[in-house]
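Student:
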Amino acid sequence: MKRLLYPLIACALVTIVPFLLTFENGQNIVRGLFGYEYFALLLLIVFVKERLTKVGLSLRELLRSSKQSLLRFALWSFALLLCILAFIWVAWVDLQNLLAIKGWNTGWYGVLPFVTSALAIAMVWQLKPFKFSAICFILFVALILHLEANNQYAAQPLAQFPSIDYLERIAPQPPQRKEMSEDFRKKYTVTDSVTITRDYIDTTCNNVVILVESWGVPLEIQRFEKQLSAFNGIKTVAGIHNRMYSRTRTAEREDLIYAIHRDSTGRDTTFLPKVFNGIGYKTTFLFGGDSLEHWRYKYIKNIGFSDAIYGKLLDDGNRLNDLQMIVKVDSILADTAQKHFITWTTADTKFPMAEFPNIYYSDVNSIDSAYNAKINSTLEKVAALARKHPETRFIIQGDHNPILSPIAFQEKFYKRWVPYVVLN
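Here our numbering is used: the first residue of the sequence shown is 8, the next is one more, and so on.
Written as structure tokens, this is what we have:
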């Protein structure tokens with residue numbers, strides 16, 4: 008039992024001592040109880056040391072040994088030295104990872120890896136080794152236990168992996184995409200609300216709710232402002248809100264929620280089309296693609312629209328473009344005999360684009376140029392429609408940031424943050 012217990016105690020010593028000596032009240036550092044690499048190296052040190060002693064036990068016997076025995080002794084000696092140096096290196100890297108988190112210099116902490124490594128190796132030096140196959144099995148079981156424990160309670164992992172933490176620390180860091188920058192927060196309303204449509208609908212006039220495919224918030228605020236410039240001259244409210252899921256079908260339903268009811272029988276949702284149906288509006292959903300896409304023919308009907316207009320797929324497999332769909336929206340608004348509640352999901356900026364069928368390996372600059380031209384074109388067409396119908400309330404939102412595209416292009420946008428614009 009002590010053949011396992013001693014290495015565990017030794018590697019826990021090397022792992023925890025630097026953490027305790029650099030501890031500060033209020034710090035938030037998640038750290039394992041024992042170093043997995045320390046554990047593996049200690050088992051290997053004991054194993055290699057045993058092999059070394061079997062080759063030569065004394066200098067006199069070593070000098071009398073054959074060249075083959077001398078070669079084996081040299082190889083096992085080199086392996087032992089390599090394991091010990093690797094152990095010290097991992098301990099040093101582990102310390103540097105901790106200090107880097109805090110922004111501290113090494114200073115006197117630099118002696119810790121050497122002291123703790125010496126103590127750990129001394130603790131296991133006289134242990135009887137496991138067979139190499141047993142070492143592999145023990146390490147496999149330890150890894151599985153760590154992963155399962157981490158899945159159950161991530162706040163306190165069992166194992167620490169200093170080398171992996173080091174590689175992650177020195178690797179080029181992608182841009183921060185989860186939290187909106189202060190530039191955006193100072194200029195625009197930034198909210199987690201999912202009730203944008205409900206908050207801005209107007210039951211005294213026509214309402215057009217537009218979901219713009221792949222319209223995410225760019226990291227560069229200047230790019231966002233250029234997009235919004237399409238709406239210059241129109242009474243506008245602009246902001247940014249968060250999507251829980253990066254899915255068009257989820258956004259289509261989420262934006263149309265009026266109320267969620269919970270009682271003893273379960274949960275039910277009332278959608279805006281049903282509310283507008285009840286006050287005499289004609290409710291229409293439009294999409295330039297086939298109704299089979301995302302099974303819209305099922306859930307759009309369940310949401311409560313009185314009419315749904317889909318674009319037949321053309322011979323080349325393309326959808327009806329946004330300009331063609333705007334003509335249809337315009338023709339509905341031309342009917343002044345009654346009020347309308349219209350929802351339209353655009354399609355021009357849907358990924359993967361027809362020009363770039365290879366989702367992740369197309370030229371980023373070419374995709375960026377094409378996307379920029381298409382999104383600006385769609386927004387300008389929507390703005391022109393809003394100017395033509397100033398008595399109609401327009402609520403425009405993105406469904407998700409651009410996905411199904413090269414990572415370098417995705418990294419130009421915040422994750423799950425989308426714009427919303429209210430016109431008229």
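Beta carbons are placed, not taken as given, at the ideal position from N, Cα and C, and that holds for glycine. Keep in mind it's a predicted model, so treat the numbers as computed, not measured.
So, does the stretch 152–171 touch the stretch 199–211, judging by three or more C-beta pairs under 8 Å?
Tutor: Contact fails: fewer than three Cβ-Cβ distances are below 8 Å.
Student: Tell whether a beta-carbon distance below 8 Å holds between I217 and W302.
Tutor: In the sequence shown, counting from the first residue as 1, residue 217 sits at position 210. In the sequence shown, counting from the first residue as 1, residue 302 sits at position 295. The answer is no: Cβ separation not under 8 Å.
Student: Since Y45 sits in a beta bridge, which residues does DSSP pair it with?
Tutor: Counting from one through the sequence shown, the residue named residue 45 turns up at place 38. In DSSP, Y45 forms no bridge with anything.
Student: Check this for me: beta carbons of L49 and A86, under 8 Å apart or not?
Tutor: Working through the sequence shown from its first residue, we reach residue 49 at position 42. Working through the sequence shown from its first residue, we reach residue 86 at position 79. No, they are not a contact pair.
Student: In or out: I247 buried (at least 16 other Cβ within 10 Å) or exposed?
Tutor: Translated into positions along the sequence shown, residue 247 becomes position 240. I247 is buried by the Cβ-count criterion.
Student: Does G296 come out as helix, strand or coil in the three-state DSSP assignment?
Tutor: What you label residue 296 is simply residue 289 of the sequence shown in a count that begins at 1. Coil at G296, not helix or strand.
Student: Excluding the 5 residues preceding and the 5 following G240 in the sequence, name in chain order all residues of the same chain whose CB lies nearer than 8 Å to its CB.
Tutor: Residue mapping note: residue 240 aligns to position 233 of the sequence shown, counting from 1. Result list for G240: R394, in chain order.
Student: With three or more C-beta pairs closer than 8 Å as the rule, is the stretch 9–25 touching the stretch 93–103?
Tutor: Yes: the two stretches touch, three or more of their Cβ pairs being nearer than 8 Å.
Student: Buried or exposed: which applies to R230, given that a residue is buried once 16 or more other Cβ atoms fall within 10 Å of its Cβ?
Tutor: Against the sequence shown, residue 230 aligns to sequence position 223. So R230 counts as exposed.
Student: Does the distance from the CB of Y207 to the CB of V429 come in under 8 Å?
Tutor: The count along the sequence shown starts at 1 and reaches residue 207 at position 200. The count along the sequence shown starts at 1 and reaches residue 429 at position 422. Contact: yes.
Student: Considering Cα atoms alone, identify which of F420, L330, S412 is closest to S188.
Tutor: For the purposes of this step, residue 188 is taken as the residue at position 181 of the sequence shown. Checking every option, the nearest Cα to that of S188 belongs to F420.
Student: Within a Cβ cutoff of 7 Å, which residues of the same chain sit near L330, ignoring the five residues on either side of it in sequence?
Tutor: What you label residue 330 is simply residue 323 of the sequence shown in a count that begins at 1. Closer than 7 Å at Cβ, skipping near neighbours: K388.
Student: Quick one: is K381 buried, meaning 16 or more other Cβ sit within 10 Å of its Cβ, or exposed?
Tutor: Against the sequence shown, residue 381 aligns to sequence position 374. Burial call: buried.
Student: Taking buried to mean at least 16 other C-beta atoms within 10 Å of its own C-beta, is T211 buried or exposed?
Tutor: Along the sequence shown, one-based indexing puts residue 211 at 204. Exposed, because fewer than 16 other Cβ atoms sit within 10 Å of the Cβ of T211.
Student: Report yes or no: do the stretch 279–292 and the stretch 306–316 share at least 3 C-beta pairs separated by less than 8 Å?
Tutor: Yes, the stretch 279–292 touches the stretch 306–316.
Student: Alpha carbon to alpha carbon, what distance is there between I333 and G285?
Tutor: Here residue 285 refers to the residue found at position 278 when the sequence shown is read from its first residue. Here residue 333 refers to the residue found at position 326 when the sequence shown is read from its first residue. Approximately 26 Å between the Cα atoms of the pair.
Student: Around the C-beta of S124, are 16 or more other C-beta atoms found within 10 angstroms, so that it is buried, or is it exposed?
Tutor: On the sequence shown, residue 124 is found 117 positions in, with the first residue counted as 1. With 16 or more other Cβ atoms within 10 Å, it is buried.
Student: Taking C-alpha atoms, which residue in L89, L59, G39 lies nearest to L77?
Tutor: Taking the first residue of the sequence shown as position 1, residue 77 is located at position 70. Among L89, L59, G39, the Cα nearest to that of L77 is on L59.
Student: For D209, does the three-state DSSP call read helix, strand or coil?
Tutor: For the purposes of this step, residue 209 is taken as residue 202 along the sequence shown, with counting starting at 1. Note: D209 maps to coil in three-state DSSP.
Student: Would you mind reading off the limits of the beta strand (DSSP E) that contains A315?
Tutor: Here residue 315 corresponds to residue number 308 of the sequence shown, with the count starting at 1. Element bounds for A315: 314–317.
Student: Taking 8 Å as the threshold (beta carbon to beta carbon), is H396 in contact with chain B?
Tutor: The structure shown contains no chain B; it holds only a single protein chain.
Student: Where A178 and L102 are concerned, what is the direct C-alpha to C-alpha distance, given to the nearest angstrom?
Tutor: Position 171 of the sequence shown, counted from the first residue, corresponds to residue 178. Position 95 of the sequence shown, counted from the first residue, corresponds to residue 102. Going by the C-alpha atoms only, they are around 18 Å apart.
Student: Use the C-beta contact count for N431: other C-beta atoms within 10 angstroms, 16 or more gives buried, fewer gives exposed.
Tutor: For the purposes of this step, residue 431 is identified with residue 424 of the sequence shown, where counting begins at 1. Buried, by the Cβ-count rule.
Student: Given a cut-off of 8 Å, decide if L146 and I81 are closer than it, judged by their beta-carbon atoms.
Tutor: Counting from 1 along the sequence shown, the entry for residue 81 is found at position 74. Counting from 1 along the sequence shown, the entry for residue 146 is found at position 139. At residue 81 the sequence reads Ala, which differs from the Ile that was named. It is not a contact, given that the beta carbons lie outside the stated cut-off.
Student: Give the DSSP-derived three-state secondary structure of P25 in the structure shown.
Tutor: Here residue 25 refers to the residue found at position 18 when the sequence shown is read from its first residue. Looking at P25 - three-state DSSP - the assignment turns out to be helix.
Student: Taking the alpha helix (DSSP H) that P179 belongs to, which residues open and close that run?
Tutor: If you number the sequence shown from 1, residue 179 lands on position 172. Unbroken run through P179: none, as it is neither H nor E.
Student: Just confirm the distance between the C-beta atoms of R423 and R260, as a whole number of angstroms; I'd bet it's less than 8 Å.
Tutor: One-based indexing of the sequence shown puts residue 423 at position 416. One-based indexing of the sequence shown puts residue 260 at position 253. Actually they do not touch by this definition, with Cβ atoms about 16 Å apart.
Student: Is T350 helix, strand or coil by DSSP?
Tutor: As a working mapping, residue 350 is identified with position 343 in the sequence shown. Strand, per DSSP.
Student: On the criterion of 16 or more Cβ atoms from any shown chain inside 10 Å, does W491 qualify as buried, or is it exposed?
Tutor: What the structure shows of the chain is the stretch from 8 to 431, and residue 491 is not part of that stretch, so it cannot be assessed.
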